[in-house]
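Residue numbers (our numbering): 2 to 354.
The structure is reproduced here in structure tokens:
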């Protein structure tokens, strides 16, 4: 009886020490190291190591020991419902484990998982704050440029000749619109982070929306001698928010025109599938490097040519497009054969029969 009580006290001490060490771990690597040290100290295996794995075939805890005498003991560690890794103990001679020992292994694995979750949460919070700081800094910089232009144009309106005043009004109009676009992008990001983006969903035909976008972008394309060719002669029925879908395709088409080759071409095609509408916007411009493709829809990382962001924006356009497409239960993908080989953006939305 005394030996059993002493063993229980010893296990309790080990549990408290393990919880304390794991709760103070500052990195995932340190969590694995502590878990490995703890189980080695308790069970004295001949070999012990940590293996990172996403295998779904491993048992969810240390109950493999319930099978009786074992040579190897696998202790999976989970965080956020996902298998993150495992501590493996190997014995030259098979041994069995008591219920208390199994419970202790389970507890160490659980505490390691909790510690990894906390570390990931801290990193996510830090990354979110860094992105917000970066967004504010870039927004301030971008908003300053049109403000400076507007102030200069206002001075000309007061002092300049008639022809100068006409140009000044054009400058004010252009830069005021640039500010409106910047502010709308910032507002969307804030609303999206707060889960407050609202859609006015109804059944509509996407074809007139695409036609309207093309006509609005055509004068911009003409400045660069870029030809717009559209191919869709049938209804494209979807459930969506007309204004938001206009925003999606305006951003995509403007982006493709901006990065198209001089005297180049941008093609817009749309087709009805079995259950989806697929719209492709293809340009023959600067293309996208393979290493940049996975990040093309992230804020500030557009990766086209040598620019970190398109002129006249803060690099949020494609990120907002992805968000809006997802809110419509659709998907968006970017493809490119590499630099100088153009790019294709494909939006897929559920169709309405």
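Just so it is clear, CB atoms sit at the ideal spot from N, CA and C, and this is done for glycine as well.
Q) Buried or exposed: residue 325, going by 16 or more other Cβ atoms within 10 Å of its Cβ? A) buried
Q.
Beta-carbon within less than 6 Å of residue 261's beta-carbon, same chain only, minus the 5 sequence neighbours each way: which residues are those?
A. 227, 267, 284 and 286
Q: To the nearest angstrom, report how far apart residue 225 and residue 123 are at their CA atoms.
A: 47 Å
**Q.** Opposing strand residues paired with residue 50 [DSSP bridges]
**A.** 89
Q: Just the C-alpha distance for residue 46 and residue 125, rounded to the nearest angstrom, thanks.
A: 36 Å
Q) residue 79: buried (16+ other C-beta within 10 angstroms of its C-beta) or exposed? A) buried
**Q.** Backbone secondary structure at residue 329 - three-state DSSP
**A.** coil
Q. In terms of residues, what are the limits of the alpha helix (DSSP H) holding residue 210?
A. 207-224
Q.
Given this structure, state the Cα-to-Cα distance separating residue 38 from residue 48, to the nearest angstrom.
A. 12 Å
Q: Please say whether residue 239 and residue 353 have beta carbons closer to each other than 7 Å?
A: yes
Q. If residue 50 and residue 76 are in contact, beta carbons under 8 Å, what's the gap, nearest whole angstrom?
A. Their Cβ separation, rounded to whole angstroms, is 11 Å, which puts residue 50 and residue 76 out of contact at 8 Å.
Q. What residue does the alpha helix (DSSP H) around residue 1 start on, and which one ends it?
A. This structure gives no information on residue 1, because the portion of the chain shown stretches from 2 to 354.
Q.
Suppose you measure from the CA of residue 269 to the CA of residue 219; what does that come to, to the nearest Å?
A. 12 Å
(Q) Buried or exposed for residue 235, going by 16 or more other Cβ atoms inside 10 Å? (A) exposed
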